[in-house]
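Trainee: Here it is, the structure, as structure tokens.
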Amino acid sequence: MATLRLLTFLLMGALTVAWPDHGKPAPTPGLSSPQPPAQKMRGLNLVAPPNPFPDNPMPAVQAVGADWVAIIPFAYTRPGDPSVHFGSPWQWWGERPEGAEATVKLAKEHGLQVMLKPQVYVPGSWPGGLDFSADEWKAWETSYEAYLLPLVDMAQKEKVDLICIGTEFKLSSTTRPDFWRQLIRKVRARYDGRLTYAANWDEYRHIEFWNELDFIGVDAYFPLVDSHTPSVPELRKAWKPILQQLSAVQRAVGKPLLFTEYGYLSVDGCASKTWELESRIARLAVNEQAQANALEALLATFWPEANWAGGFLWKWFPNMQGHEGYPGKDYSPQGKIAEGVLKNWYGSRTY
Numbered sequence: 423m424a425t426l427r428l429l430t431f432l433l434m435g436a437l438t439v440a441w442p443d444h445g446k447p448a449p450t451p452g453l454s455s456p457q458p459p460a461q462k463m464r465g466l467n468l469v470a471p472p473n474p475f476p477d478n479p480m481p482a483v484q485a486v487g488a489d490w491v492a493i494i495p496f497a498y499t500r501p502g503d504p505s506v507h508f509g510s511p512w513q514w515w516g517e518r519p520e521g522a523e524a525t526v527k528l529a530k531e532h533g534l535q536v537m538l539k540p541q542v543y544v545p546g547s548w549p550g551g552l553d554f555s556a557d558e559w560k561a562w563e564t565s566y567e568a569y570l571l572p573l574v575d576m577a578q579k580e581k582v583d584l585i586c587i588g589t590e591f592k593l594s595s596t597t598r599p600d601f602w603r604q605l606i607r608k609v610r611a612r613y614d615g616r617l618t619y620a621a622n623w624d625e626y627r628h629i630e631f632w633n634e635l636d637f638i639g640v641d642a643y644f645p646l647v648d649s650h651t652p653s654v655p656e657l658r659k660a661w662k663p664i665l666q667q668l669s670a671v672q673r674a675v676g677k678p679l680l681f682t683e684y685g686y687l688s689v690d691g692c693a694s695k696t697w698e699l700e701s702r703i704a705r706l707a708v709n710e711q712a713q714a715n716a717l718e719a720l721l722a723t724f725w726p727e728a729n730w731a732g733g734f735l736w737k738w739f740p741n742m743q744g745h746e747g748y749p750g751k752d753y754s755p756q757g758k759i760a761e762g763v764l765k766n767w768y769g770s771r772t773y
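Next up, the structure:
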């Protein structure tokens, strides 16, 4: 999720994947296509720092087993204002184009692969809630291109491996798909790498332009279980119907599935409706075990799937710097039980 904030198809057969015994759960039937990714993306969404890094954050990224980072140059749109503002002097260094480019270079120097993931912050709302008249949409789309395309040029220059062309624009993506199709064409005309789009968990089934991208990108904040500390078996059971729905879309499109974001707050009930938990986080109790269980269940469910390309954990604080005031309850696994879970999966190079 961009800040602290926030067909049904039937399964058409299943692929049973051979899974060596590494003490991890066996696979469930699921994702299938002719050309699976060679290796999982072990990714982290980096939180943009306010100033240039006081210490190099990349060794800590690699120490947890990650080999990809998502770098996020932020813009913002005010509700009711059909324009995209970016590169403002008051924004944090890492959110501005120059900070994003410097972070890309640093990641590349350390041999990390990079997803550039421009995101739009909407004060008091979220990108999926943006709604305009037809003329206002056209103005907003022109402004969005002015924000995105220079970043695409930077990505081409710096040999960025993957670009996410948008994040959680639920109304725009489903009601104005022609804008996104022409945007994809413009991006491909100036960038040689791979592309995805980050659909919200309740949006991905309604996207019409997946076949024009390289990955089906999903921000995987699916509500699973309401209890304070659900067990891993409970959570895996809750994932089964979701895996079937994801599998049906993935098989129909024929592109690998990528979790552009996944993660859990370290609070009671973290596997429930995350966007509701965020609004009352100050009143919630810290629960590291719940976060660790939820992370284990997600990775155990999807890691064996041949055409789950991997994912980008939300989120990782370079030098533990970020906007939010609740590090002990935030999505980051750093210094928590969940960090060990992440190392266990990301540290394995079997897949």
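Numbering-wise (the working numbering), the sequence shown opens with residue 423 and increments by one. Glycine included, each C-beta is placed from N, C-alpha and C at the ideal position.
Roughly how many angstroms lie between the CA atoms of Lys581 and Gly615, to the nearest whole one?
Mentor: If I take the Cα positions, the gap works out to 8 Å.
Trainee: With DSSP as the reference, identify every bridge partner of His532, one or two as the case may be.
Mentor: Per DSSP, none; premise fails for His532.
Trainee: Using the C-alpha atoms, what's the distance from Ser505 back to Ser565?
Mentor: Distance between the alpha carbons of Ser565 and Ser505 is about 5 Å.
Trainee: Could you say if the region 563-577 and the region 479-490 meet the contact criterion of at least three C-beta pairs nearer than 8 Å?
Mentor: Output reads no: the region 479-490 does not touch the region 563-577.
Trainee: Determine the extent of the beta strand (DSSP E) in which Leu735 is found, giving its start and end residues.
Mentor: Here the beta strand (DSSP E) through Leu735 covers 730-738.
Trainee: Please name the residue in Tyr684, Trp767, Val708 whose C-alpha comes closest to that of Lys737.
Mentor: Comparing Cα-Cα distances from Lys737 to each of Tyr684, Trp767, Val708, the minimum goes to Tyr684.
Trainee: In whole angstroms, what separates the C-alpha of Trp632 from that of Ala674?
Mentor: Between Trp632 and Ala674, the C-alpha separation is close to 10 Å.
Trainee: CB-CB under 8 Å to Thr651, same chain, minus the five flanking residues each way: which ones, in chain order?
Mentor: Excluding residues within five positions, the ones whose Cβ falls inside 8 Å are Asp690, Asn709, Gln711, Ala712, Asn715.
Trainee: Helix, strand or coil for Asp557 per DSSP?
Mentor: Three-state result, Asp557: helix.
Trainee: Would you list the one or two residues that DSSP bridges to Met463?
Mentor: The partner list for Met463 (beta bridge, DSSP) reads Gly732.
Trainee: Have a look at Trp623, Asn622, Arg610 and flag the residue whose alpha-carbon is nearest the alpha-carbon of Glu634.
Mentor: Looking at the Cα atoms, Arg610 is the closest of the given residues.
Trainee: Per DSSP, what kind of secondary structure is Ala448 in: helix, strand or coil?
Mentor: With a pLDDT of only 38 at Ala448, under 50, the local geometry of the prediction cannot be trusted, and no value is derived from it.
Trainee: Once DSSP output is grouped into helix, strand and coil, what is the label at Ala492?
Mentor: In the structure shown, Ala492 sits in a strand (DSSP, three-state: E or B).
Trainee: Drop a sphere of 10 angstroms on the beta-carbon of Ala620, count the other beta-carbons inside from all chains shown, and report buried for 16 or more, exposed for fewer.
Mentor: Buried.
Trainee: Taking the alpha carbon of Gly732 as the point to measure from, which residue in Ala660, Ala642, Ala529 has its own alpha carbon closest?
Mentor: Selected option, being the one with the closest Cα: Ala642.
Trainee: Mind checking whether Trp514 and Phe734 have CB atoms under 8 Å apart?
Mentor: Going by C-beta atoms, Trp514 is not nearer than 8 Å to Phe734.
Trainee: Answer yes or no: do Lys539 and Ile493 have a C-beta to C-beta separation smaller than 8 Å?
Mentor: In this structure, Ile493 lies closer than 8 Å to Lys539 by Cβ.
Trainee: How should Trp562 be labelled, buried or exposed, when 16 other C-beta atoms within 10 angstroms of its C-beta is the threshold for buried?
Mentor: Buried, since its Cβ has 16 or more Cβ neighbours within 10 Å.
Trainee: Please tell me whether Glu520 and Phe496 are closer than 8 Å, where the distance is taken between their beta carbons.
Mentor: No, these two residues do not count as a Cβ contact at 8 Å.
Trainee: Can you check whether the CB of Trp725 is closer than 8 Å to the CB of Trp767?
Mentor: Cβ distance < 8 Å, so Trp767 and Trp725 count as in contact.
Trainee: Put Ile585 into one of helix, strand or coil per three-state DSSP.
Mentor: Strand, per DSSP.
Trainee: Given Ala760, which residues of its chain have a CB within under 6 Å of its CB, disregarding the five upstream and five downstream residues?
Mentor: If we look at Ala760 and ignore the five residues flanking it on each side, its Cβ neighbours are Gln713, Ala714, Leu717.
Trainee: Run the CB neighbour count on Trp730, radius 10 Å, all protein chains shown included, and call it buried at 16 or more, exposed below.
Mentor: Per the 10 Å Cβ criterion, buried.
Trainee: With distances taken from CA atoms, which of Leu706, Glu625, Gln666, Leu679 is nearest Pro549?
Mentor: That would be Glu625, whose Cα lies nearest to the Cα of Pro549.
Trainee: Measure the alpha-carbon distance for Glu727 versus Pro471 and round it to whole angstroms.
Mentor: Straight-line Cα distance between these residues: approximately 34 Å.
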